[in-house]
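One structure is given below, encoded as C-alpha cells.
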Amino acid sequence: MSRAGWRLASLVVGALLIAAWQLMANAHVISPVYLPGPDRTWNALVHGFASGALSDQLWQTVQRMLLGWLLASLVGVAIGAAIGLSPPARAYLGPTLEFMRPLPASAVIPLAIVFFGLSDAMVLGVIAFGAVWPTLLATVHGFAAVEPCLYEVSRALGLSRLAVIWKIALPSSLPDILGGMRLSLTVSLILAVVGEMLASRPGLGSGILVAARTFHAPDLYAGVVLLGGLGYVTAQGLFALEARLLRWRRTA
Amino acid sequence: MNWARLRGLAFPVALLVVAQIAAMATHLQSYTLAAPSEALAAGARAVADGSLFVATVQTLANAFGGLALGGVLGLIAGILLGSNAIADRLMEFSVEALRPIPSVALIPIAMLTFGFGFRMEIAIVAFAAFWPVLILTRNAVAGIDPALLDVARVLRLTPLARTVKIVLPAALPRIFVAFRLAAGIALTVAVTVEVSTNPLGLGYGMILAEQSLHPDLMLAYLVWIGILGWGLNFAITHAQRRLFGRSALVGPPL
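Protein chains in written order, with our numbering: chain A, 516 to 767; chain B, 1214 to 1467.
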C-alpha cells in the first residue's frame, strides 16, 4: 500500500475509535454526566465558537503561551550563550543548572503567587521560568559543543567576538537551541493551562475547570479537544520551522 | 570532594549567604519572604512533626503509581506497535491526535470522574507517562537488529517467546531510558496536580504554606521538591550506568 493509503487507513482507524466512543456514550456505559459522546462535544465546540466564548478562551491561552515562550526563549538563549561560551561560568553554574532542570516548574507557582498575586503577571512569570530551562540548557550544550576548529578558523580570520557568536557559534548550535525551544513550547502550554486554573485568569485552563465544577461535561471535553489541537498545531509548526531553518544541514 | 564539585557548590552557597545577610541586615519581617535560616528551621519542624514525611510519601505514591500504570501500558502498546508494522501504521493518526493533549488538561476530567484523591492523580500521571514510554519503546523495538529476529524465526519461537527472549532483552537499555524520562515527568505532573487542585502531598503542602502566610515553610518545601527531583534523576541515571554501562547513557535529550 502507498504512503497515502496507509495514512487513509490510519484515519479510518481513528474514525472507528471515535465511533466506539459514541457507542459507549450512547450505551451509557459511563454516566452521560461524566462522559459526553463526540456528538455533544462537537455541538459544544460549534456553540462555543458561534458565541465567541471558546474562541476568546483559546486566544487568551495562545497569547499567554506564546508570550511566555518568547520571553523564555530570549532569556534562555542569551544566558545560555553567555554560560556556554565561558568555561569558568560552566564550571561554577553548571551544577546549579543541573539541579534546577528536574525541579517541577509548577513548584514555583506558590512562590510566584506570593510575589505577583493571582495575576496575569504571575502566570506569565511562571511560564517564562518553567519554559526557560530546556532552551537554556540546550543552548549551553550547543555553545559548548561547537567544533574547536571553527574557533581556530575565526581566530585566523581575525573575527571580533560578536562576529564569532553571530557567524560561528549561533548557527552551529542552532539545532540544539531549536530542539530546546520545541520542548519549551510544550512546557509553556502546560504551564499556561495550570496558571489559568490556579489564578482564575480567562483562558482554556480556567474554562475547562469551571466546566468540570459545574458539570458541563460537553464544554469540558470541547476545551480538552481544543487544547489537544493547540498542542498538535504548535508542535507541527515548530517542526516545520526547524526543518526550514536547518535546511543547510541535510546536505552536510 | 574534588575541586570541580567545590566550584559547583560555590554559587548556590554564595547566594544563600547573601540572602541570609540581606535578611539579617534589614531585620526581615515578612509574610512573603523568609531568610534561609528560617526556611531551614521550618523544614526541620516539618521533619520533626512528620508532616513532610507524609506529604513526600503521598507525592511519591502518586508519581510511582502513575508511572507503573502508564509505563506498563505504554510498554505493552510500544512492543505491539514496534513489532507489528501494520498495527503501527494503522494507529499512526490516533497516536498523533491523542499525544499532544497536555496532561494537565485532563485534571478537570479526572476531577469530574474520580473526585479528589489518589485515583485522580494517578490517572493523570499515568496518561503523562504513557506517551514517552510508548514512543521510545516502539522505536527501540522497531530498531532491533533484523538478524536477531531471523534467529527467532529459525528457532520457530512463538510470538510470546520471541518477545520475552529476544525483543525485550535487546531493547532493554533504550526502554530503561524511556522509563527514566517518564519518571521525571511523573514527579513533575504529580506536583503540578497537587499544586493546582488535588489536596494531597508536597504540592498541596506548598500551597497551604503559602496561603497561611508561612513563606519559610513554603521555601523549605520548594527546596525539598528540588532535592527530590534531582535525587530521583541521579539515582536512575546511576542505576542505568551500573546496569548497561556508559553506552546506554546516550538517550534522547530531555
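No residue lacks a Cβ here, since even glycine has one placed at the ideal position from N, Cα and C.
{"Check": "Residue 1388 of chain B and residue 1364 of chain B closer than 8 Å at C-beta", "Outcome": "no"}
{"Check": "Burial state of residue 729 of chain A (16 or more Cβ within 10 Å)", "Outcome": "exposed"}
{"Check": "Element boundaries [alpha helix (DSSP H), containing residue 687 of chain A]", "Outcome": "685–714"}
{"Check": "Secondary structure of residue 1315 of chain B, DSSP reduced to three states", "Outcome": "coil"}
{"Check": "Buried versus exposed, by CB contacts within 10 Å (16 or more), residue 1454 of chain B", "Outcome": "exposed"}
{"Check": "Simplified DSSP state of residue 552 of chain A, which is helix, strand or coil", "Outcome": "coil"}
{"Check": "Check whether residue 1476 of chain B and residue 1370 of chain B have beta carbons under 8 Å apart", "Outcome": "What is shown of chain B runs 1214 to 1467, which leaves residue 1476 of chain B out entirely."}
{"Check": "Within-8 Å CB hit, residue 536 of chain A to chain B", "Outcome": "no"}
{"Check": "Cβ distance (whole Å) where residue 1320 of chain B is taken to contact residue 1406 of chain B below 8 Å", "Outcome": "6 Å"}
{"Check": "Neighbourhood of residue 710 of chain A by C-beta distance below 6 Å, restricted to the same chain and skipping five residues each side", "Outcome": "638, 641"}
{"Check": "Beta carbon of residue 722 of chain A nearer than 8 Å to that of residue 738 of chain A", "Outcome": "yes"}
{"Check": "Residues of its chain near residue 727 of chain A, where Cβ-Cβ distance is below 6 Å and the 5 sequence neighbours each way are ignored", "Outcome": "735"}
{"Check": "Short-range partners of chain B found in the stretch 608–636 of chain A, where Cβ spacing is below 9 Å", "Outcome": "608, 609, 610, 611, 613, 614, 615, 616, 617, 618, 619, 620, 621, 622, 623, 624, 625, 626, 628, 629, 630"}
{"Check": "Coarse secondary structure for residue 1467 of chain B, derived from DSSP in three states", "Outcome": "A caution first: residue 1467 of chain B carries a pLDDT of 37, below 50, which makes its placement in the model too unreliable to give a value."}
{"Check": "Cβ-Cβ distance between residue 1226 of chain B and residue 1288 of chain B below 8 Å", "Outcome": "no"}
{"Check": "8 Å Cβ cut-off: residues of chain B touching residue 708 of chain A", "Outcome": "1315, 1317, 1318"}
{"Check": "Which listed residue (A:756, A:615, A:522, A:706) has its alpha carbon closest to that of residue 1303 of chain B", "Outcome": "A:522"}
{"Check": "Residue 1262 of chain B, buried or exposed, once every other Cβ within 10 Å from all chains shown has been counted against 16", "Outcome": "exposed"}
{"Check": "Contiguous alpha helix (DSSP H) assignments of at least 4 residues, all confined to the stretch 586–658 of chain A", "Outcome": "602–615, 624–631"}
{"Check": "Buried/exposed call for residue 531 of chain A, threshold 16 Cβ in 10 Å", "Outcome": "exposed"}
{"Check": "Reduced DSSP category for residue 543 of chain A - H, G, I as helix; E, B as strand; rest coil", "Outcome": "coil"}
{"Check": "Proximity test, Cβ basis, 8 Å: residue 1297 of chain B and chain A", "Outcome": "no"}
{"Check": "Under the three-state DSSP convention, the category residue 1429 of chain B falls into", "Outcome": "helix"}
{"Check": "Counted within 10 angstroms of its Cβ, other Cβ atoms place residue 570 of chain A as buried (16 or more) or exposed", "Outcome": "exposed"}
{"Check": "Residues that residue 528 of chain A contacts on chain B, provided the C-beta gap is smaller than 9 Å", "Outcome": "1303, 1304, 1305, 1306, 1307"}
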